[in-house]
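In terms of full-length UniProt numbering, the sequence shown opens at residue 1 and continues consecutively.
Here a beta-carbon is modelled for each residue, glycine too, at the ideal position from N, C-alpha and C.
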Amino acid sequence: MDTAYRPTTRTTPTRYRERAHYDRKTVHRILDEALICHLGYVNAGRPVVLPTTHARLGEVLYIHGSTGGGPMLAAKLSGLSVCLTATLVDGLVLARAAMHHSLNYRSVVVLGTARLVEDPAEKRRALGALLDHIRSGRAADCRSPNARELAATAVLALDLVEVSAKVRSGGPVDDPEDSALPHWAGVIPLRLTSGTPQPASDLDAATPLPAYLAAAVERRPMSGYSR
Ligand SMILES: Cc1cc2nc3c(=O)[nH]c(=O)nc-3n(C[C@H](O)[C@H](O)[C@H](O)COP(=O)(O)OP(=O)(O)OC[C@H]3O[C@@H](n4cnc5c(N)ncnc54)[C@H](O)[C@@H]3O)c2cc1C
């Protein structure tokens, strides 16, 4: 398999093309780190963009929802043409000039046709991956869905074929003549971290907090991220 997705006219940004990335490693890391994504599709002639959770297994991205949900119903017929995005905001970029303010970010755009997952084994695998995406280890540490719950849940699969990533990093880029202005300029890093677990009000006090939930999780990639 190629180490990179092949850029197409649809996945080539018009602006800042040097910020575009197509290598699978970069794309996978962004998708795996992003807690949520946004699914865009056209419903009855109108564009809709819905936030949702996702999980990646190899080169397939899965999302799930109620069988009565809009995208699930739309996909039933002949697949659903979608644009799925995942975004990580890494910092506020503050420039001296209003015009040059920005954000540091890593984002992925996936274009394609999502299909409804019919195979029960693939559906179970996808649902497990969706749980583990939220917190690794969770799928094995809860009651599995029963037949009724499985029947009420639809899973969509989207192959990673037409994919782009875009990354902005580094400080503000002010015009040289503005560098002496008295305004603070630089980057305020941002990161998403988990807080202290709060037990459910009806949790048996004897139920221990599992180790995989006790450690604070920071949704940031390990070092070596390719930019
Ligand atoms: C958090 C965040 C904030 C942003 N804020 C702004 C803003 O305020 N103003 C602004 O102009 N832009 C902003 N951007 C960048 C924006 O997403 C577009 O990249 C930008 O508008 C230029 O689009 P374009 O015309 O080159 O893309 P187009 O030419 O319309 O896009 C063509 C293709 O390029 C690829 N592509 C474009 N953008 C991205 C992306 N971000 N990630 C992955 N693939 C991409 C897609 O495959 C897309 O189909 C922001 C991005 C992020 C992640």
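Taking the alpha-carbon positions, what's the residue i to residue j distance?
| i | j | result |
| --- | --- | --- |
| T193 | A215 | 11 Å |
| A20 | V27 | 11 Å |
| T67 | V117 | 11 Å |
| A180 | P47 | 45 Å |
| L35 | D175 | 36 Å |
| G45 | S81 | 12 Å |
| A139 | H64 | 15 Å |
| N146 | E122 | 16 Å |
| Y22 | Y41 | 23 Å |
| Y105 | L94 | 14 Å |
| T8 | E18 | 15 Å |
| I134 | G91 | 23 Å |
| L31 | A4 | 15 Å |
| R227 | E33 | Low local confidence applies: a pLDDT of 33 at R227 is under 50, so the model's placement there is unreliable, with the coordinate-based value given in what follows. Cα-Cα distance, rounded: 15 Å. |
| R191 | R29 | 15 Å |
| N43 | R10 | 21 Å |
| P199 | L73 | 36 Å |
| P208 | W184 | 48 Å |
Quick one: give me the first and last residue of the alpha helix (DSSP H) that residue i is part of.
| i | result |
| --- | --- |
| G150 | The amino acid at residue 150 is misidentified as Gly; the sequence shows Leu. 147-152 is the extent of the alpha helix (DSSP H) around L150. |
| T26 | 24-33 |
| H133 | 120-134 |
| L213 | 211-214 |
Hey, would you say residue i sits closer than 8 Å to residue j, going by beta carbons?
| i | j | result |
| --- | --- | --- |
| L129 | Y212 | One point to set straight first is that residue 129 is Ala, not Leu, in the sequence displayed. No; because the gap between Cβ atoms is not below 8 Å, this pair is not in contact. |
| L39 | T52 | yes |
| A108 | A165 | The amino acid at residue 108 is misidentified as Ala; the sequence shows Val. Result yes, Cβ atoms of V108 and A165 sit closer than 8 Å. |
| L127 | A75 | no |
| L50 | P71 | yes |
| D159 | E59 | yes |
| E162 | L111 | yes |
| P13 | S102 | no |
| V37 | A86 | In the sequence on display, residue 37 carries Cys and not Val. In contact: C37 and A86 (Cβ atoms closer than 8 Å). |
Residue i lies in the beta strand (DSSP E); which residues open and close that run?
| i | result |
| --- | --- |
| R168 | 162-168 |
| Y105 | 102-116 |
| D204 | Looking at the DSSP string, D204 is not in any beta strand (DSSP E), and its letter there is neither H nor E. |
| S179 | Unbroken run through S179: none, as it is neither H nor E. |
| D90 | 80-94 |
| R6 | Run containing R6: none; DSSP gives neither H nor E here. |
| P189 | 186-189 |
| S66 | 60-66 |
| Y41 | 36-43 |
| R46 | 46-53 |
Nearest to residue i by alpha carbon, out of the options?
| i | options | result |
| --- | --- | --- |
| P182 | L156, R96, V163, H133 | R96 |
| R15 | D178, A140, V167 | V167 |
| I188 | V89, N43, L158, R115 | V89 |
| R124 | C37, S144, D23, A200 | S144 |
| A154 | T196, T3, E18, G69 | G69 |
| K25 | A185, P199, M1, G171 | M1 |
| A114 | H101, Q198, S78, W184 | S78 |
| P120 | A152, H100, G91, V161 | A152 |
| P210 | G137, S102, N104, R17 | G137 |
| G195 | T207, V217, R148 | V217 |
| S169 | L150, E177, G186 | G186 |
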